[in-house]
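Okay, structure first, notes after.
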Amino acid sequence: MLKRFLNKKSKLERSRFLGFDFLFRNLLNILPLCLFFSYHPVITLGRGEAMNFELSLPLIWLVVFDTVAVVLMIKRRILWKGLKGKWWLWVLFPVWLSVSVLWSLNFVRGLLTVGILWLIYIAGYGMWQLKRLLDVEFRRRWWKWFFGATFLVCAWCVVQCMLDVAGVPRECTLLCPGCTYHMFGFPHPNGFAIEPQFMGNLLLAPAIIAAWIYLKKHNSKNLKLERSRGVVLTTGQADSAPNCSSGSSSVPVVKTTTGSRFLGSKLLLLCFFIISMTLFLTFSRGAIYAFIVAMVFMSVICRPKRLTRDTLEGVRPSLWSRVKRFRALGTVWLIIICAFVCALNLQGVMAQVSPTNDTYTDGVAKVVNQLSLGVIDIRGDEVVEKPVENSEDNRGGGTDENGTGEPEEIGALEESDAREEAVFDGYVAESTDTRLRLTGAAVAVWKRDFKTAIFGVGLGGAGWALYAEGLSPAPKEIVQNEYASLLLETGIVGIVLLILTLVLVIKVMIRSSASGALLALLVAYGVTLLFFSGLPNALQIYLMPVVLMVIMRKKINVGLD
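Per the working numbering, the very first residue in the sequence shown carries number -13; after that it's consecutive.
Structure representation (structure tokens):
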């Protein structure tokens, strides 16, 4: 009787154990999709003088995942197993941020921010400790979720643009106030994010990974293209492959597999093209600049090796191998150019058919002028500067440029005109000037005294610090530069610990079989943080590198079968 009872108890425990395994895997599966819903839907909990209290889907996912991961680690008795060697170096940065909350000018914001930061750390630690649960079949399924969610969101971004041009209200399209055709004559989608720059940031990982898989597919010495329809990435030695691991002892070797439907070369290029085009459609300079910098970085570290005198015996095959690799790099950059041209034409067409008086040429010229920071203007001297300060008044159509509403004749003419005028006619210098001004203001406040320079004003206190000095209009104002914001809030100590953490992360990435993609993604995220601040605002920056390191640690089958 006792033995039967113990057997039943063990089966019950095993079923509960497998239930948490099931939750852990499926939570990881839906992570790419959850990250895209970074703002819509959102639960508004209230508003304060210095911040808004909102709960998003990724934050809910983070809390649930951490709970499941901690329970699993406790059941498997591995909760403290990863704390070996110099593990304490990893937690110095969040510990210092936690301590800085004590003297923060905005204690509530600092407390909530450091709480989210610790949740991110726990999630990363749980993924790494439980990575053995992720078998090859799971990782194949995860790639389907990863690229499938990306395709769905890219399609929604295009639909957003079409609906906006057709006059559908912004409440239905989920476009942000500054994303509609009223601004530039054509819409720029934000997907389910709060702004286009966050949507573009979400597309960085899929675009970079797609390009890297294609490059690795054509960089392996064991590559056989005949009758192949897919790629299988494994960890192995590749003597003639380019050093995409930046010093790693092993690099991903690409092999082909037949008999199933896989993500082949043509589908990879189509995937890369669609994601890149959508990224350009977001019209986010930060995301676009970061994407270009990351692709240049990847091209450099994945470039073919030079021939030396030691390789003269195999000069003919080595030369052909180098040609194939250069051709692969050229193909990637050709796709990027084609995606940009296609997005540029779409924006021109949307400007032509939108209810504004802009033409196709106006739309194209505005894109080029804005992305080049006003340097390139294909319209010559035809551009007429418009005031940015009264953009909301200009959209209303019932007031003049000074917002007085006196010239009624002008208002009558505007109402009689079937096509309205876009708010901006090219490069918006105020956007760049505001970022630079806030960055300079943050540095100026940081340098005001020795204590602030060393310890900062406390996590979350940047808005209040700038407002108290009269350098920002409201305490809610953020610095829009994560590095300057951290410098002001955590001082030199925080920046030094941040650099230490980045060094540790880079060392782990270099040892990974997918170091080329991971380092390029790290570079891209590093560039985007120059354009906005707020640790909880973009969870993908902190979660995606860890997930990809876990998913791409061994054999990876990118399949759509």
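Just so you know, even glycine gets a beta-carbon here, dropped at the ideal spot from N, CA and C.
- Taken in chain order, the complete alpha helix (DSSP H) segments of 4 or more residues contained in the region 417 to 451 are 436 to 441.
- With a 10 Å radius around the Cβ and a threshold of 16 neighbouring Cβ atoms, F22 comes out buried.
- Look at V489 here: in three-state DSSP terms it is helix.
- Distance from the CA of A55 to the CA of G177, rounded to the nearest whole angstrom, comes to 30 Å.
- Only exposed fits W73, as fewer than 16 other CB atoms lie within 10 angstroms of its CB.
- Cβ neighbours of L515 within its own chain (closer than 7 Å, five residues either side excluded): E468 and Y469.
- Below 8 Å, enough C-beta pairs join the region 160 to 179 and the region 258 to 271 to call them touching: three or more.
- A straight line joining the alpha-carbon of A460 with that of A314 spans about 50 Å.
- Here G32 carries a strand assignment [DSSP, helix/strand/coil].
- Within a 10 Å sphere around the beta-carbon of P182 sit 16 or more other beta-carbons, which makes this residue buried.
- Assignment of L41 by DSSP, reduced to helix, strand and coil, places it in the strand class.
- Cβ neighbours of V144 within its own chain (closer than 8 Å, five residues either side excluded): P175, T264 and L267.
- Assignment of beta-bridge partners to E406 by DSSP yields T342.
- With 16 or more other Cβ atoms inside 10 Å of its own Cβ, P44 counts as buried.
- By the neighbour-count criterion, in which a residue is buried when 16 or more other Cβ atoms sit within 10 angstroms of its Cβ, K67 is exposed.
- Setting aside the 5 residues that flank it on each side, P192 is surrounded in the same chain by T136 and I261, each with a C-beta closer than 6 Å to its C-beta; the list follows chain order.
- With respect to L504, S498 sits close: the two C-beta atoms are nearer than 8 Å.
- V350 and C20 have their C-alpha atoms spaced approximately 33 Å apart.
- Taking every protein chain shown into account, the CB of F79 has 16 or more other CB atoms within 10 angstroms, so this residue is buried.
- With respect to the 8 Å criterion, G512 and W198 are not classified as neighbours on the basis of their beta carbons.
- For L253 against I321, the beta-carbon gap comes to about 13 Å, at or over 8 Å, which does not count as contact.
- The continuous stretches of alpha helix (DSSP H) do not include Y25, and DSSP gives it neither H nor E.
- With respect to L103, L83 sits close: the two C-beta atoms are nearer than 8 Å.
- When the five nearest sequence neighbours on each side are left out, the beta carbons in the same chain lying within less than 6 Å of the beta carbon of F39 are those of L31 and G32, in order along the chain.
- For V151, same chain residues with a beta-carbon under 7 Å away, outside a window of 5 residues either side, are Y167, P173, M336, V339 and S340 in chain order.
- By the C-beta density criterion, L48 is buried, having at least 16 other C-beta atoms within 10 angstroms.
- Across the structure, I323 and V139 are spaced so that their CA atoms are roughly 22 Å apart.
- Boundaries of the alpha helix (DSSP H) around V151: V122 to V151.
- Here A179 is near S24, since their CB atoms are less than 8 Å apart.
- A residue is called buried once 16 or more other Cβ atoms fall within 10 Å of its Cβ, and P531 is buried on that count.
- D344 is classed as buried because its beta carbon has at least 16 other beta carbons within 10 Å across all chains shown.
- Just so you know, the alpha carbons of T342 and A408 end up roughly 6 Å apart.
- The region 120 to 135 makes no contact with the region 90 to 102: fewer than 3 CB pairs, one atom from each, lie closer than 8 Å.
- Distance check between V431 and each of K462, E475 and E406 places E475 closest, using alpha-carbon atoms only.
- DSSP places A500 in no alpha helix (DSSP H); its state is neither H nor E.
- Of the candidates T418, G110 and I478, the residue whose Cα lies closest to the Cα of F436 is I478.
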